[in-house]
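Engineer: Below is one structure. I have some questions about it.
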Amino acid sequence: MSSYIKPPAALHEFGSRDTNEDYIYPPLGSADQSSRLFIVCDGMGGPKKGDVAARLVVENFVKYIESFPPAGDMYKGYLEQALISTEDAMSEYVKNYHESIGMGSTLALVHLNDRTAVFAWVGNSRIFHYQYATGEMYVTEVTKIESSQDSLMWKSTPQVIHGSETPTQLQVRTVELNHGDYIFICTDGILEHVDEQTLRTLFGTGAPPEELIKEISALAEKGNTQDNYSCYLIQMDLEDEPISMTPLKTGLGTAGADTRSRAVPPASETPAPEPEKVAEAAPESVTAEPHVSKRFVDVGFVAVAVIALLALGFIAWYSTRPKSKADEYFAQAQRLEGSDKLEDYERAIQLYDSAFISTTDQQKRTSIQKAKQRALEAMQQLKPAPAELVNLGLKAFGEGDYPKANQHLEASLQAYREQGQDVPQDFPYSTLAESYVRIADGLYAKAERTPEEEEEILRLYEKATDLYEDPNLNIANEELLTKAKSRAEELDKKQAEGLVASRGLEALDRNPPATRPNTSPEEKKPASRPTTSPEKKSPASKPAATNRPASRPPAASSSTARTQSRSSLNELVRTNTGNPAPITPSTAASPQRRYLEDGKAWYRKAKQESAENAAYSYRMAAEYLRQAGDSLDADGAYLLGYMYHMGLGVEKDPEMARVYAAKSANMGSASGHYLYAVCLLKRGGRVDRENAIKSLRIAAKKKYKPAVDLLAKLGY
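Structural data, given as structure tokens:
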């Protein structure tokens, strides 16, 4: 790509409001010279709604673009498909969470191509294009009428994105780019105290974005802006390229003195000239002494050769022509169906879903649905019977392969539930419980453990404790029960002490305090590990099987015990930080807080399950965590980022992994800083590496061992 930019600059501020309903992409402080996609959204719908709407629009546009990257430059049909996907996601969200009815969001999107940029917008979030060479400035137009209360009312087509029930009209334009040009994307809050003439004056200086954004921020703060205000400022750096002085024709309104709308001329309807047809030479008349001209023979030979070459070329083109995304996904899925592995069929079903989304051809969609149904039926036939899984688990346990034993026994319980069968009275719960302990022991014995491994050990011991508290088991396994409980308490206390140590450390901040006041609510939230409520019904707190022997006590008893044992940990946090102990979800939990707790519980459940069963739990974990909204804490953001990073329950998405890792890091999480650094290093840019080192140093300061090791490996 020959289009380069100077380091972009951004604002994402509250103004005079208590909540920020704007959302920007890339997240504040994470854009660099390699960034090509920029989005600014302004949500509406009141607290807990507008911010959700803006986030959903950004996340789903980014997800669509990352999942189905365009073959060339973006075009209107492609972006409209992304909008349809986003509207469907918003409708699905509203269907599940009725309190969000009426929420909506504007959209201002810029995608940089090769010396061009694509602008797409809905509503009154603006995109300005300042041509440095000519001094002209263009701005996306918004059609509006004033109501009697002086509020905005939008004409015919909705001017905010609501959902699939009220489809939105997306405006799209492509503009040419030259050296020094500015692209400014902003919500309407910016324009309260920064008018178009001021922007023209600022851009006319040719100063870098980071300097101009300070001026814009100062004007907004001085004017005491009432609304949230967010923006991205991008400047083109094309010194090595010739500057075109041809006036732009983009169809955008002009800011400043010249406010006439400049329409993009329609594509020429004149067909390209067809190749001149060469008339075939008529054969000469037969005479008494036939004579064939040598020239005629030569022309005929050349004609035959040309036809043969064209035929070969067509065959070569047809066999190597680029396939559509849907065709590629469909072909990959069919290749996997020849396997005898369950995971291959699960992947095939995911690919069929991707193929279905990637095409609007109804005939293709019907074929894809039929193929997916056949794959589902074949997958069911591959699943072994529950009793067979039990035998495989006992065999693996006898051979000392505890992870495999655990995998088979967990899968057998899942199979009993799926088939509606009662779990047999002689099910080897004792063996299952001991497999948890043996796996945990192996991790516990490591000389050095990561926080993720310690979390895994804690989950395994707690799972074993749930089983061993059954009177039928703990008599014969009292020693293992005692060990599991003591080690779980040890690790729980260690996590609480780590929390206390981390609260006083600085959060990740890519901009100087003068230009970005630390007012984000996320940065004020403690990254606490939530307690488990006995009343909370989450997947992780359920028994390993729903049909236990009658003598088995309900799982809530062990959860209650753990909640009570952790009260001292809450006291430790309160004593050392001056903050009140965390409130359990059962006493005062918002819906979003419950989504957070459920997401973490599904994640814990997935970690305990076999590979073939964990996929569903990971998907549920990701869905709940995404819906946690403002309640998403540092741990939840890290888990969601990690799932995107590894492709657990969601499609592997480096950009979304980086987004959530940055969110976790901004809340002071050492693991969030580490994951954020890993994501940046994978992108490989110079600025990325510098920011990654900063994050690793913050994590190392928190004594996060993986960060210390990675810094050493990188030579720092």
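Note that the working numbering has the sequence shown beginning at 103, numbered continuously upward. Even for Gly, the Cβ is constructed at its ideal location relative to N, Cα and C.
Using C-beta distances below 6 angstroms, list every residue in its chain close to ALA111, excluding the 5 sequence neighbours before and after it, in chain order.
Structural biologist: Looking up residue 111 in the sequence shown gives position 9. Answer for ALA111: PRO311, GLU312, ILE315 and LEU335, listed in chain order.
Engineer: Going by DSSP, name the residue or residues bridged to LEU139.
Structural biologist: In the sequence shown, the residue the question calls residue 139 occupies position 37. LEU139 is bridged to HIS213.
Engineer: Hey, GLY206 and ILE263 are a contact pair by Cβ (cut 8 angstroms); roughly how many whole angstroms apart?
Structural biologist: As a first step, residue 206 must be located in the sequence shown, where it is residue number 104. As a first step, residue 263 must be located in the sequence shown, where it is residue number 161. Contact holds; Cβ gap of about 6 angstroms.
Engineer: Alpha carbon to alpha carbon, what distance is there between ASP329 and ASP120?
Structural biologist: By 1-based counting over the sequence shown, the position of residue 120 is 18. By 1-based counting over the sequence shown, the position of residue 329 is 227. Taking the straight line from one Cα to the other gives about 10 angstroms.
Engineer: With ALA723 and GLY751 assumed to form a contact (beta carbons below 8 angstroms), what rounded beta-carbon distance in angstroms separates them?
Structural biologist: Residue numbering aside, residue 723 sits at position 621 when the sequence shown is read from its first letter. Residue numbering aside, residue 751 sits at position 649 when the sequence shown is read from its first letter. Yes, they are in contact, since the Cβ atoms of ALA723 and GLY751 sit about 6 angstroms apart, within 8 angstroms.
Engineer: Are there 16 or more other CB atoms within 10 angstroms of the CB of LEU569, so buried, or fewer, so exposed?
Structural biologist: Along the sequence shown, read from residue 1 onward, the residue named residue 569 stands at position 467. Label assigned to LEU569: buried.
Engineer: Measure the alpha-carbon distance for LEU812 versus LEU798 and round it to whole angstroms.
Structural biologist: Taking the sequence shown and counting its residues from 1, one reaches residue 812 at position 710. Taking the sequence shown and counting its residues from 1, one reaches residue 798 at position 696. So the alpha carbons of these two residues sit roughly 8 angstroms apart.
Engineer: From LYS151 to GLU753, what does the alpha carbon distance come to, in whole angstroms?
Structural biologist: In the sequence shown, the residue the question calls residue 151 occupies position 49. In the sequence shown, the residue the question calls residue 753 occupies position 651. Cα to Cα, the separation comes out at about 26 angstroms.
Engineer: Does the contact criterion of 3 or more C-beta pairs under 8 angstroms hold for the region 185 to 193 versus the region 228 to 245?
Structural biologist: The region 185 to 193 is not in contact with the region 228 to 245.
Engineer: Counting Cβ pairs closer than 8 angstroms, one from the region 211 to 219 and one from the region 279 to 297, do we hit at least three?
Structural biologist: Yes, since at least three Cβ pairs between the region 211 to 219 and the region 279 to 297 fall closer than 8 angstroms, the two stretches touch.
Engineer: Since SER332 sits in a beta bridge, which residues does DSSP pair it with?
Structural biologist: Translated into positions along the sequence shown, residue 332 becomes position 230. Per DSSP, HIS114.
Engineer: Within a Cβ cutoff of 8 angstroms, which residues of the same chain sit near ILE795, ignoring the five residues on either side of it in sequence?
Structural biologist: As a position in the sequence shown, residue 795 is number 693, starting the count at 1. Taking ILE795 as the centre and dropping the five residues before and after it, the same chain places the C-beta of ALA779, LEU813, LEU816 and TYR818 closer than 8 angstroms to its C-beta, in chain order.
Engineer: Taking DSSP as the reference, what is the three-state secondary structure of TYR199?
Structural biologist: Reading the sequence shown from its first residue, position 97 is the one you call residue 199. Residue state, collapsed to three classes: coil.
Engineer: What's the gap between the Cα of GLU564 and the Cα of TYR762?
Structural biologist: Indexing the sequence shown from 1 puts residue 564 at position 462. Indexing the sequence shown from 1 puts residue 762 at position 660. Between GLU564 and TYR762, the C-alpha separation is close to 28 angstroms.
Engineer: How about ALA184 and TYR166: do their beta carbons lie closer than 7 angstroms?
Structural biologist: Taking the first residue of the sequence shown as position 1, residue 184 is located at position 82. Taking the first residue of the sequence shown as position 1, residue 166 is located at position 64. Their beta carbons are under 7 angstroms apart, which means ALA184 touches TYR166 by this criterion.
Engineer: What separation, rounded to the nearest whole angstrom, lies between the Cα atoms of GLU554 and LYS443?
Structural biologist: As a first step, residue 554 is located in the sequence shown; it is residue number 452 there, counting from the start. As a first step, residue 443 is located in the sequence shown; it is residue number 341 there, counting from the start. The straight-line gap from Cα to Cα measures roughly 29 angstroms.
Engineer: Distance check for ILE287 and ALA801, CA to CA, integer angstroms please.
Structural biologist: For the purposes of this step, residue 801 is identified with residue 699 of the sequence shown, where counting begins at 1. For the purposes of this step, residue 287 is identified with residue 185 of the sequence shown, where counting begins at 1. C-alpha separation (whole angstroms): 33 angstroms.
Engineer: With a CB to CB cut of under 6 angstroms and the five nearest residues on each side skipped, what residues in its chain are close to ALA764?
Structural biologist: Taking the first residue of the sequence shown as 1, we reach residue 764 at position 662. The answer, listed in chain order, is PRO129, SER132 and TYR778.
Engineer: For the alpha helix (DSSP H) that ALA489 lies in, which residues bound it at each end?
Structural biologist: Sequence index remark: in the sequence shown, residue 489 carries index 387 (1-based). That run of the alpha helix (DSSP H) goes 488 to 500.
Engineer: Would you mind stating whether ALA222 and LEU158 have Cβ atoms separated by less than 7 angstroms?
Structural biologist: Translated into positions along the sequence shown, residue 222 becomes position 120. Translated into positions along the sequence shown, residue 158 becomes position 56. No; because the gap between Cβ atoms is not below 7 angstroms, this pair is not in contact.
Engineer: On a CA-only basis, which of ASP283, PRO486, LEU742 and ALA507 is nearest LEU496? Give me that one, please.
Structural biologist: As a position in the sequence shown, residue 496 is number 394, starting the count at 1. Per the Cα distances, ALA507.
Engineer: For SER588, does the count of other Cβ atoms within 10 angstroms reach 16, so buried, or fall short, so exposed?
Structural biologist: One-based indexing of the sequence shown puts residue 588 at position 486. Classification for SER588: exposed.
Engineer: Looking at the structure shown, is ALA759 part of a helix, part of a strand, or coil, going by DSSP?
Structural biologist: On the sequence shown, residue 759 is found 657 positions in, with the first residue counted as 1. ALA759: helix per DSSP, three-state reduction.
Engineer: Anyone know if the C-beta pair for PRO172 and GLN135 falls short of 7 angstroms?
Structural biologist: Here residue 172 corresponds to residue number 70 of the sequence shown, with the count starting at 1. Here residue 135 corresponds to residue number 33 of the sequence shown, with the count starting at 1. Not in contact: PRO172 and GLN135 (Cβ atoms no closer than 7 angstroms).
Engineer: Are the beta-carbon atoms belonging to ALA513 and SER712 less than 7 angstroms from one another?
Structural biologist: Residue 513 sits at position 411 when you count from the first residue of the sequence shown. Residue 712 sits at position 610 when you count from the first residue of the sequence shown. Judged by their CB atoms, ALA513 and SER712 are nearer to each other than the 7 angstroms cut-off.
Engineer: When DSSP labels each residue in this structure, what does VAL408 get in the three-state scheme?
Structural biologist: Residue 408 sits at position 306 when you count from the first residue of the sequence shown. Of the three classes helix, strand and coil, the one that applies to VAL408 here is helix, per DSSP.
Engineer: Nearest to SER537 by alpha carbon, out of ALA413, PHE529 and LEU562?
Structural biologist: Numbered from 1 along the sequence shown, position 435 holds the residue referred to as residue 537. It is LEU562 whose Cα lies nearest to the Cα of SER537.
Engineer: Looking only at its own chain, which residues have a Cβ that is under 8 angstroms from the Cβ of ASN715, when we skip the five neighbours before and after it?
Structural biologist: Numbered from its first residue, the sequence shown carries residue 715 at position 613. Here the set comprises GLU512, ALA513 and GLN516.
Engineer: If you draw a straight line from the C-alpha of ALA566 to the C-alpha of VAL539, how long is it?
Structural biologist: In the sequence shown, the residue the question calls residue 566 occupies position 464. In the sequence shown, the residue the question calls residue 539 occupies position 437. In a straight line, the C-alpha of ALA566 is about 6 angstroms away from that of VAL539.
Engineer: In the structure shown, what three-state DSSP assignment does THR300 receive?
Structural biologist: Taking the sequence shown and counting its residues from 1, one reaches residue 300 at position 198. If DSSP states are grouped into helix, strand and coil, THR300 belongs with the helices.
Engineer: Helix, strand or coil, according to DSSP, for GLN436 in the structure here?
Structural biologist: Within the sequence shown, the letter at position 334 stands for residue 436. Three-state result, GLN436: helix.
Engineer: Taking the C-alpha atoms as reference points, what is the distance between ALA473 and ILE186?
Structural biologist: As a position in the sequence shown, residue 473 is number 371, starting the count at 1. As a position in the sequence shown, residue 186 is number 84, starting the count at 1. When rounded, the distance between both Cα atoms is 24 angstroms.
Engineer: For the beta strand (DSSP E) holding PHE230, just list the boundary residues, first then last.
Structural biologist: Sequence index remark: in the sequence shown, residue 230 carries index 128 (1-based). From DSSP, the beta strand (DSSP E) with PHE230 extends over 228 to 232.
Engineer: Looking at ARG695: is its Cβ nearer than 7 angstroms to the Cβ of SER733?
Structural biologist: Position 593 of the sequence shown, counted from the first residue, corresponds to residue 695. Position 631 of the sequence shown, counted from the first residue, corresponds to residue 733. A contact, by the Cβ cut-off of 7 angstroms.
Engineer: Locate the alpha helix (DSSP H) running through MET338, then write down its first and last residues.
Structural biologist: Numbered from 1 along the sequence shown, position 236 holds the residue referred to as residue 338. Counting along the chain, no alpha helix (DSSP H) covers MET338, and no H or E run does either.
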